[in-house]
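Visitor: The sequence shown begins at 242 in this note's numbering and counts up by one.
The following block contains the structure, expressed as structure tokens.
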Amino acid sequence: MNIILLGPPGAGKGTQASQLVETRGMIQLSTGDMLRAAVKAGTAVGLKAKAVMDAGELVSDEIVSGIIGEALDALPLTTGVIFDGYPRTAAQAHALDDILSTRGRTLDFVIELEVDEAQLIERIVGRYTCAKCGAGYHDTFKKPRVAGVCDVCGSTEFKRRPDDNAETVRTRMAEYRAKTAPILPIYEARGLVRRVDGMADIAHVSAAIDAILGAMG
Ligand code: ADP
Ligand code: ADP
Ligand code: ZN
Numbered sequence: 242m243n244i245i246l247l248g249p250p251g252a253g254k255g256t257q258a259s260q261l262v263e264t265r266g267m268i269q270l271s272t273g274d275m276l277r278a279a280v281k282a283g284t285a286v287g288l289k290a291k292a293v294m295d296a297g298e299l300v301s302d303e304i305v306s307g308i309i310g311e312a313l314d315a316l317p318l319t320t321g322v323i324f325d326g327y328p329r330t331a332a333q334a335h336a337l338d339d340i341l342s343t344r345g346r347t348l349d350f351v352i353e354l355e356v357d358e359a360q361l362i363e364r365i366v367g368r369y370t371c372a373k374c375g376a377g378y379h380d381t382f383k384k385p386r387v388a389g390v391c392d393v394c395g396s397t398e399f400k401r402r403p404d405d406n407a408e409t410v411r412t413r414m415a416e417y418r419a420k421t422a423p424i425l426p427i428y429e430a431r432g433l434v435r436r437v438d439g440m441a442d443i444a445h446v447s448a449a450i451d452a453i454l455g456a457m458g
């Protein structure tokens, strides 16, 4: 099974993807995570992407489709994939069609997390992750069970993204509205879109996604 999680910054794509990884053994392909890893490693891709990401703008279609193709090549066909944060433009959506078909994969669902943009700023400025294992948390909505200790790995080191500030978020939202939301009709025409209330609490959103995916995967 191959699915896309679609929604603006802070909609809960990463949170729900890691849930699916845990419950269904699928693989999460997050272009944001892969780009941040490239920036950290100082690769050619990372050097190109850093300033664009810090500004909240979109990295080039060629770069992100390239890294998605490479990541898929490393996976067995039987492993289900969750695309998190990709595609984000019409050109990426078309590239993904080619990337999937040349590898014998098909797209099963595009799950749109419907959210109230006004409330996303709070989600994003409160977001942080475990510096060791990457588990995601929130100052208000998803605190670790023991304050200051990662639930998953026990680490006490956490980090925040440089682009998770109120100003950059506005640019990221505008990019979503202008370039990403317009790709939904492509998938609607194919009958692939399923909508989920992304403002519900995390467990309810997971349950709604689970109901859509059913016994598949
Ligand atoms: P969010 O969690 O807010 O949805 P991501 O981690 O997916 O953000 O992306 C962070 C940044 O990485 C984006 O603002 C953009 O600069 C870059 N990026 C990630 N995925 C893509 C993509 N598919 N196309 C272009 N740029 C991307
Ligand atoms: P995205 O990957 O779409 O940018 P995340 O999954 O990183 O979004 O979620 C953004 C922040 O909001 C995180 O700190 C996460 O813990 C929190 N969060 C995610 N889903 C919900 C939800 N349904 N209700 C409240 N907070 C949430
Ligand atoms: Zn951890």
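Virtual Cβ for every residue (Gly too), placed ideally from N, Cα, C.
Here the structure is a predicted model, which means the values were calculated and not measured.
1) Can the beta-carbon of G273 be found closer than 8 Å to that of G326?
2) So, does the stretch 402-413 touch the stretch 355-366, judging by three or more C-beta pairs under 8 Å?
3) Quick check on E263: buried or exposed, where buried means 16 or more other Cβ atoms within 10 Å of its Cβ?
4) Work out the CA separation of G287 and R277 for me, nearest whole Å.
5) Quick check: the Cα distance between M267 and R431, rounded to an integer number of angstroms?
6) Against chain D, with Cβ distances strictly below 8 Å, would A407 count as a contact?
7) So the beta strand (DSSP E) E355 belongs to, where does it begin and stop?
8) For the stretch 271-301, list the alpha helix (DSSP H) runs that are entirely contained and at least 4 residues long, ordered along the chain.
9) Might you give, ordered along the chain, the residues of its own chain that have their beta carbon closer than 7 Å to the beta carbon of S447, omitting 5 neighbours on each side?
Guide: Taking the definition as stated:
1) For the purposes of this step, residue 273 is taken as residue 32 along the sequence shown, with counting starting at 1. For the purposes of this step, residue 326 is taken as residue 85 along the sequence shown, with counting starting at 1. Yes, Cβ-Cβ distance for G273 and G326 is below 8 Å.
2) yes
3) Here residue 263 corresponds to residue number 22 of the sequence shown, with the count starting at 1. Burial call: exposed.
4) As a first step, residue 277 must be located in the sequence shown, where it is residue number 36. As a first step, residue 287 must be located in the sequence shown, where it is residue number 46. So the two alpha carbons sit approximately 7 Å from each other.
5) For the purposes of this step, residue 267 is taken as the residue at position 26 of the sequence shown. For the purposes of this step, residue 431 is taken as the residue at position 190 of the sequence shown. Straight-line Cα distance between these residues: approximately 23 Å.
6) Within the model displayed, chain D is absent; a lone protein chain is all it includes.
7) The residue given as residue 355 occupies position 114 in the sequence shown. Taken as a continuous stretch (DSSP letters only), the beta strand (DSSP E) holding E355 covers F350 to E355.
8) 272-282 and 285-296
9) Taking the first residue of the sequence shown as 1, we reach residue 447 at position 206. So the qualifying residues of the chain are Q257 and Q260.
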